[in-house]
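Quick notes on the structure that follows.
Set out below in structure tokens:
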């Protein structure tokens, strides 16, 4: 330290130049947080995999919804307005598709309009990132007439609004933090000069930390989120001010003891500096352990560890300059307030807690245990609650929810990916079966896919409908055969009338008689065919019989035409017979043509029935898709819900619940289980099935945040336990220190849950709150336990109980002041407008005050004095004689 004091100006100027250089030349950390700091799930997350598959297939589109709120039901004027908007939006760069609500299809209207037709939704597919979607949304607003009300919403826009809110919140937090710290330091030190020393020291730290982080993020893809800077500001200014108070208080005491400025500075760093260093290391380890989290947004808090490391350097390089240069003037005009006197409250609590440890343990339990037991771990993934309802993206989403249902705008997307064609006549029936199984799940409103593009079944694709149509066709065939029979009977009657005339004229009456007889046989045969069709429905046999009858009719027609030719060369009186005979021959020919059409229809029906009989899909799915059906409108539907030439298919699952809700996440899990069971022994069994959409992303967040919190808790506890064991030469003191911190955390978050869930009616605390509040509260709370117990281990060398009481009397003021200042810096996050920050700040403030006013003064002394010599197990208590 003396070397640093000797070169104080050179060192301080170098540090300041580094801060200025990094501020000028490093990338903008706020912009990097906006570009790279969105919720980034790992690559193996299900929703990310779904996105990657679609992106690789060229389907990486982004879905927006334009919501029109009309003054009256949709009419010609409003239709013209909407069509005008559509025409303009189609010209926007990045817009790939627009689904018009202006259609006569009632099913599509139901999907895009409210019942009163005053709210109309227009889906717009765009290409690009969330930032690109935000740019396109602004151009869409420009396309809407000024006198019309319309909103553009979508998951990407909600994400961008959240990022913008966080950025605005950071600016508020920075200003309010500075104001709160200055105010608190003025109260604590009663000095005009003192408050600016921690502000300058920590300000330099923040500038350097921000610059280093920006370089790490820009060059090494160091994790960052929209929370990084906010936490960096709150924690650095909080603990930085606490550490400055610790050093300045000890510096003031040494000045009061008659030491000069240099000696007082050296002594302050040798004594309080040791506690400060160990506390900072504990905080550093706490935040560094976050590196082992899998989730990038959690890992982003590692940036605080970088800030803590920089803070240590600045505290030993810049702060000594103020001490040595200003001396007692650093506390002007106050002369006494800089040093913390004995704390009467902690002294009182200390005397009684060591004398009645059981009572104080019971009091602590009565305060904390009820909250711990009522903690329900209710967590919300609803990012729409994070930001103000004044944002247009939220207004649009609420409008859709009220009129149509939020699930319609943000469905779950099931992505089935394979290396074989999944859109053939033999595979699509299984897709329909899968859709049907999903649609029966509670909470699922409808499923849209290639075979159900509107969410409703296509009846013509089902065997029961097809066999019904064939049955109708058989009835029509029977009717047709009856008509043929009637025609042939008329021909037969005509032949009977002219047969005698032709015979008396010496013509071929015998041939006509044969024709008449043949027609009778044909009618009899047709009667048999009709009976068989009606009784057995055997269209294949009937078709074959009709083919034979058709040949017979052809022969009869030929005979009649020959008789007509013979008659034409005979007497004049027979001339009228030839004309009549030709008409009868034509009648037989027409009857034969009709019979051929019937036969062809029955042949087609026979082929269809045979194909249905041979199809494996029919027996398993009840659906039969003819090859010629894979054309036209049906092919358009297939193209809409498939990709990469049919090697992948999608299903849009519309939920009845809010896609952001916990209910939606539970429904998604049921969908996953149902699909897993349904695809067995189908063409989709070996395909990759993943899930996209807001609900899937939130499900991944739930799994990841839970596992990351558990992992981080273990790593932090182990890391802190090792450090504290080395510090205190004990495995018992670290154990109840960590235990007291855990008790504080669960009590504080339970109270926060009561406030926001039970009191303010939120669905749960925001999903990121348990993780961030745990890391921050444990890392910062350990400082105060170190302040107290480090002093206790020193004072307990003579008498254990007296040492605890004396330690509490001396450290109470420092700890309470530090806790209030740190709580104040987190209170600066309250006006940020971001629910997560508000809830984290609530947990930290409650936790710090609870720890400083209840846990440390009540629980720790009672436990320490009850354990006695066990405090230093497996080592031994170091006594005063050992120092001599």
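Residue numbers (our numbering): 1138 to 2021. Ideal Cβ placement from N, Cα and C applies to all residues, glycine included. The model shown is predicted, which means the values in this text are computed figures rather than measured ones.
Exposure of residue i, with buried meaning 16 or more beta-carbon neighbours within 10 Å
i            : result
residue 1845 : buried
residue 1886 : buried
residue 1140 : exposed
residue 1237 : exposed
residue 1497 : buried
residue 1154 : exposed
residue 1146 : exposed
residue 1589 : buried
residue 1212 : exposed
residue 1528 : buried
residue 1299 : buried
residue 1867 : buried
residue 1220 : exposed
residue 1411 : exposed
residue 1924 : buried
residue 1329 : exposed
residue 1851 : exposed
residue 1507 : exposed
residue 1495 : exposed
residue 1332 : buried
residue 1493 : exposed
residue 1483 : buried
residue 1375 : buried
Nearest-angstrom Cβ-Cβ length linking residue i and residue j, presumed shorter than 8 Å
i            : j            : result
residue 1566 : residue 1762 : 6 Å
residue 2007 : residue 1816 : Residue 2007 to residue 1816, Cβ: 60 Å. No contact.
residue 1156 : residue 1225 : Not quite, the Cβ-Cβ distance comes to about 50 Å (not below 8 Å), so this is no contact.
residue 1524 : residue 1290 : With 8 Å as the limit, residue 1524 and residue 1290 do not qualify as a contact, their Cβ atoms being about 12 Å apart.
residue 1835 : residue 1808 : Incorrect: roughly 14 Å between the Cβ atoms, too far for contact.
Residue i, enclosing alpha helix (DSSP H) - first and last residue
i            : result
residue 1288 : It is not in any alpha helix (DSSP H) - residue 1288 instead sits in the beta strand (DSSP E) that spans 1286-1290.
residue 1868 : Careful: residue 1868 lies outside any alpha helix (DSSP H) and carries neither H nor E.
residue 1152 : 1145-1162
residue 1268 : 1267-1280
residue 1956 : 1937-1964
residue 1539 : 1529-1540
residue 1481 : 1481-1492
residue 1192 : 1183-1193
residue 1218 : 1213-1226
residue 1896 : Looking at the DSSP string, residue 1896 is not in any alpha helix (DSSP H), and its letter there is neither H nor E.
residue 1358 : From DSSP, residue 1358 is part of no alpha helix (DSSP H); its letter is neither H nor E.
residue 2025 : Any answer about residue 2025 is impossible in this case: the structure gives the chain only from 1138 up to 2021.
residue 1407 : 1398-1425
residue 1170 : 1166-1173
residue 1457 : 1456-1463
residue 1566 : 1565-1576
residue 1367 : 1365-1393
residue 1814 : 1799-1815
Paired residues, beta bridge with residue i - DSSP
i            : result
residue 1789 : 1550 and 1585
residue 1826 : 1553
residue 1517 : 1903
residue 1257 : 1205 and 1250
residue 1200 : 1262
residue 1101 : The chain is shown only over 1138 to 2021; residue 1101 falls outside these bounds and no answer can be derived.
Residue i, enclosing beta strand (DSSP E) - first and last residue
i            : result
residue 1233 : 1232-1235
Check: residue i C-beta below 7 Å from any heavy atom of the ligand FMN
i            : result
residue 1949 : Here there are no bound small molecules, and the ligand FMN is not part of this structure.
is_contact[residue i, chain C] using C-beta, thresh 8 Å
i            : result
residue 1440 : This model lacks chain C altogether, as it is built from one protein chain only.
Legend entry - Sufficient close CB pairs (3 or more, under 8 Å) joining the stretch 1420-1438 to the stretch 1381-1393: No contact exists between the stretch 1420-1438 and the stretch 1381-1393.
Legend entry - Any 3 or more C-beta pairs closer than 8 Å across the stretch 1187-1202 and the stretch 1828-1847: Contact holds: three or more Cβ-Cβ distances are below 8 Å.
Inset, instruction - Pair every Cβ in the stretch 1366-1385 with every Cβ in the stretch 1960-1977, then say whether three or more of these pairs are closer than 8 Å. - result: Yes, the stretch 1366-1385 touches the stretch 1960-1977.
Inset, instruction - State whether the stretch 1577-1591 contacts the stretch 1790-1800, with contact taken as three or more CB pairs (one from each stretch) at a distance under 8 Å. - result: The stretch 1577-1591 is in contact with the stretch 1790-1800.
Inset, instruction - Count the CB pairs spanning the stretch 1993-2000 and the stretch 1477-1491 that are closer than 8 Å, and state whether there are at least three. - result: Contact between the stretch 1993-2000 and the stretch 1477-1491 is present, because at least three Cβ pairs lie under 8 Å.
Inset, instruction - Take every Cβ of the stretch 1319-1338, pair it with every Cβ of the stretch 1398-1417, and state whether three or more of those distances are shorter than 8 Å. - result: For the pair of segments examined, the stretch 1319-1338 was found not to touch the stretch 1398-1417: the number of CB pairs separated by less than 8 Å stays below three.
Inset, instruction - Assess, as a yes-or-no matter, whether the stretch 1872-1885 is touched by the stretch 1935-1945 under the definition of 3 or more beta carbon pairs within less than 8 Å. - result: Taking 8 Å as the limit for Cβ pairs, the verdict is that the stretch 1872-1885 does not touch the stretch 1935-1945.
Inset, instruction - Decide yes or no for the touch test of the stretch 1908-1921 against the stretch 1534-1552: beta carbon pairs closer than 8 Å, at least 3 of them. - result: Segment contact: the stretch 1908-1921 against the stretch 1534-1552, fewer than three CB-CB distances shorter than 8 Å; contact not assigned.
Legend entry - Touch test, the stretch 1332-1345 against the stretch 1981-1989, Cβ-Cβ under 8 Å, three pairs minimum: Cβ pair count under 8 Å is below three, so no.
Inset, instruction - Could you tell me whether the stretch 1231-1246 touches the stretch 1261-1270, using the rule of 3 or more Cβ pairs below 8 Å? - result: With a cut-off of 8 Å, the stretch 1261-1270 and the stretch 1231-1246 count as touching, because enough Cβ pairs lie within range.
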